[in-house]
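What follows is the structure in structure tokens.
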């Protein structure tokens, strides 16, 4: 007890916040021992950090009651991902929308999409083959449905005929039964055995056969009654081809040939282009193959500016100079008085890395993890 009292007095003087009443400690020996242990532990810094601080688990990720901002950023498999694209991620003005390479023998659609002549021909040819295959499947499915409908009508008529014949047999059987019943007292003794035959026996036999047929039809172990999944209804395929990008109806005769002017030397895809196996950079600078298109009026390179193609000549002109020097003027196209807005096709401009020109941010939608 003297030791407990001394420890309590010393702790009270050292820690002003801790007040221990020695009188209560002395009365309860168990309590006094526990208090001594706690005081000894608390006075040593190493023990104090070990026993009187929070556990390490609370500092781990996802150990809190909320989903923190840092933890959301660390999630890689959930949540929407947004990314800003650079200039290298966008299609260039003179590139084909299918192969994303500089267009060879370029053509454009009425919507202003530029394609290689070979690329768009192959794409439309593949679409035509797919439509032919889909139409064959649709016709086969339609014929099958018509056959099943005709078969169902024929079976319904047969069932109606059988019911009519069965009713006629029932009437004749009941008439014969009544006649035999009236003639029974005057009948000869040798014919008494025939009168004891139940006239309803055929009906009973028919009933038993029907029950057997019904039970047989419900038995799924029989091959004929094995359930099978019904095929999905085949929709009628479309009758026209589509533009691979805009998904609008497109005909081959609606394609407009483009005759662009290039920045250096001959145009790409012409007979003056480098031969196979010869690099374009091996030729002199003035003869190198360039893919940048030039405006037919101002001779400026077209990268992201708005431009249009003239249907009659295939020339590409910037919209800025088209409004000033081409529209409503004579002599630009031979054998035509003046060019109107119906004679041009606005082309889709090339992309840049500037948000003011086009959309530069893309998002991938994924399931969201809620806190």
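Numbering (full-length UniProt numbering), first residue to last: 1 to 371.
Positions of the beta carbon are idealized from the N, C-alpha and C atoms, including for glycine.
Going by DSSP, residue 72 is part of the alpha helix (DSSP H) stretching over 69–74. Assigned with DSSP and collapsed to three states, residue 364 falls in strand. Taking the Cα positions, residue 39 is about 34 Å away from residue 61.
Here the segment 293–304 makes contact with the segment 317–326; the two share three or more CB pairs at distances below 8 Å. Rounded to whole angstroms, the separation of the alpha carbons of residue 85 and residue 114 is 22 Å. Remark: fewer than three beta-carbon pairs, one from each stretch, lie closer than 8 Å, so the segment 302–317 and the segment 64–76 are not flagged as touching. Around the beta carbon of residue 216, a 10 Å sphere encloses fewer than 16 other beta carbons of the protein chains shown; the residue is thus reported as exposed. Taking C-alpha positions only, residue 97 is separated from residue 127 by approximately 17 Å. Taking all protein chains shown into account, residue 106 has 16 or more neighbouring C-beta atoms within 10 Å of its C-beta and is therefore buried. When only Cα atoms are considered, residue 94 and residue 330 end up about 28 Å apart. Unbroken beta strand (DSSP E) runs of no fewer than 3 residues, entirely contained in the segment 292–358, are found at 307–310, 316–318, 344–346, following chain order. Counting only residues of its own chain and dropping the five nearest sequence neighbours on each side, residue 365 has a CB closer than 7 Å to the CB of 80. A direct Cα-to-Cα measurement between residue 67 and residue 369 gives close to 9 Å. Straight-line spacing of the CA atoms in residue 117 and residue 145 works out to 42 Å. Spanning the alpha carbons of residue 258 and residue 83 requires a straight line of approximately 35 Å. Excluding its 5 nearest sequence neighbours in each direction, residue 343 has C-beta neighbours in its own chain below 7 Å: 310, 311, 312, listed in chain order. Secondary structure note for residue 114: its beta strand (DSSP E) is the uninterrupted segment 114–116. In the structure shown, the three-state DSSP call for residue 89 is helix. For residue 81, the pairing in a beta bridge is given by DSSP as 364. If you draw a straight line from the Cα of residue 239 to the Cα of residue 251, it is about 11 Å long. Counting only residues of its own chain and dropping the five nearest sequence neighbours on each side, residue 332 has a CB closer than 7 Å to the CB of 326, 339. Straight through space, the alpha carbons of residue 108 and residue 341 are spaced by roughly 17 Å.
Between residue 241 and residue 131, the C-beta spacing is below 9 Å. DSSP places residue 108 within a strand segment (E or B) once states are collapsed to three. Excluding the 5 residues flanking it on each side, residue 248 has same chain C-beta neighbours closer than 7 Å at 111, 242, in chain order. Residue 157 and residue 236 have their C-alpha atoms some 31 Å from each other.
Between residue 361 and residue 301, the C-beta spacing is not below 9 Å.
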